[in-house]
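Participant: In the UniProt record's numbering, the protein residues as written are 1 to 240.
No residue lacks a Cβ here, since even glycine has one placed at the ideal position from N, Cα and C.
Here it is, the structure, as structure tokens.
Shown next, in the form of structure tokens:
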């Protein structure tokens, strides 16, 4: 329990520190309060993901291999917070409506080709039914709705300045979103001993960049969710 708490607090602190540096670089468009909101949202999500730092019992027979109940709880908490008037489901990207879809689909197709190639050479393969079902659903749904949805909205409010890149409004929220997403996967604490896996950090960090772009380009989480679940599933299926 303490390890998870330390890891979460450390990542939130890194977010605030990096955010302050970005804020100094663009003071006119910086709102520190929303940076704190983003950090708080991250902590709430991480606590829910770990079922209240493992204080909430697992559902019998459900969590023997994968953290199904933690993902469901985190998703439910994210949706509940996103339903508040200050956010709104549509504002965080929960909509079927797609803006600038043609250009986004071209990038999406290119990403599918790149990730398929990576999975062929780097994938574990041989995933069982539960692994395939889990990767087909939970990572994309829970992580994208939080990281590229609710969390991204808070970061965009903290950093209002942006430039247009390929038709998408991109600001400091993108690198900060990618940084936190990478740290979630690469930074660890076990029995008080800290560890950092560069590859586990780099792949999610780099993957978050086009995911944010797709979200901002289309105004929707549909393509990021599909892409995320495709990538995760490919890595447990390939090579065949």
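1) Taking 8 Å as the threshold, find out whether the stretch 10-20 comes into contact with the stretch 164-171 through three or more Cβ pairs.
2) Below 8 Å on the Cβ atoms is my contact criterion, and I expect residue 152 with residue 177 to pass it. Report the Cβ-Cβ distance as a whole number of Å.
3) Fully enclosed by the stretch 1-31, which alpha helix (DSSP H) runs are 4 residues long or longer?
4) What did DSSP end up calling residue 120 once you bin it into helix, strand or coil?
5) Please work out which residues of its chain come closer than 6 Å, Cβ to Cβ, to residue 34, disregarding the five sequence neighbours upstream and downstream, and give them in chain order.
6) Could you check what DSSP says for residue 100 in three-state terms: helix, strand or coil?
7) Give me the DSSP bridge partner(s) of residue 225.
8) DSSP three-state call for residue 194: helix, strand or coil?
9) Let me make sure I understand the geometry here. Which of 27, 37, 70 and 28 has the alpha-carbon closest to that of residue 48?
10) What did DSSP end up calling residue 158 once you bin it into helix, strand or coil?
11) Within 10 angstroms of the Cβ of residue 77, are there 16 or more other Cβ atoms? Answer buried if so, exposed if not.
12) Whole angstroms are fine: how far does the CA of residue 74 sit from the CA of residue 41?
13) Reducing DSSP to helix, strand and coil, say where residue 40 ends up.
14) Taking CB distances under 7 Å as the criterion, tell me whether residue 86 reaches chain D.
15) Throw me the rounded Cβ distance for the residue 179 and residue 205 pair, which I believe falls under 8 Å.
16) When DSSP labels each residue in this structure, what does residue 51 get in the three-state scheme?
17) Going by Cα to Cα distance, which pick from 67, 224 and 22 is closest to residue 208?
18) Which residue marks the beginning of the beta strand (DSSP E) containing residue 163, and which one marks its end?
19) Output needed for residue 53: all residues of its chain with C-beta closer than 8 Å, excluding positions within five of it in sequence on either side, in chain order.
Facilitator: Put simply:
1) no
2) 6 Å
3) 2-25
4) Helix.
5) 154, 157 and 158
6) coil
7) Looking at the DSSP assignment, residue 225 forms no beta bridge with any residue, so it has no partner.
8) strand
9) 70
10) In the structure shown, residue 158 sits in a helix (DSSP, three-state: H, G or I).
11) buried
12) 11 Å
13) helix
14) Annotation note: the requested chain D is absent from the structure, which comprises a single protein chain.
15) Between residue 179 and residue 205 the beta-carbon gap is near 7 Å, inside 8 Å, which marks them as a contact.
16) helix
17) 224
18) 163-165
19) 1, 4, 5 and 47
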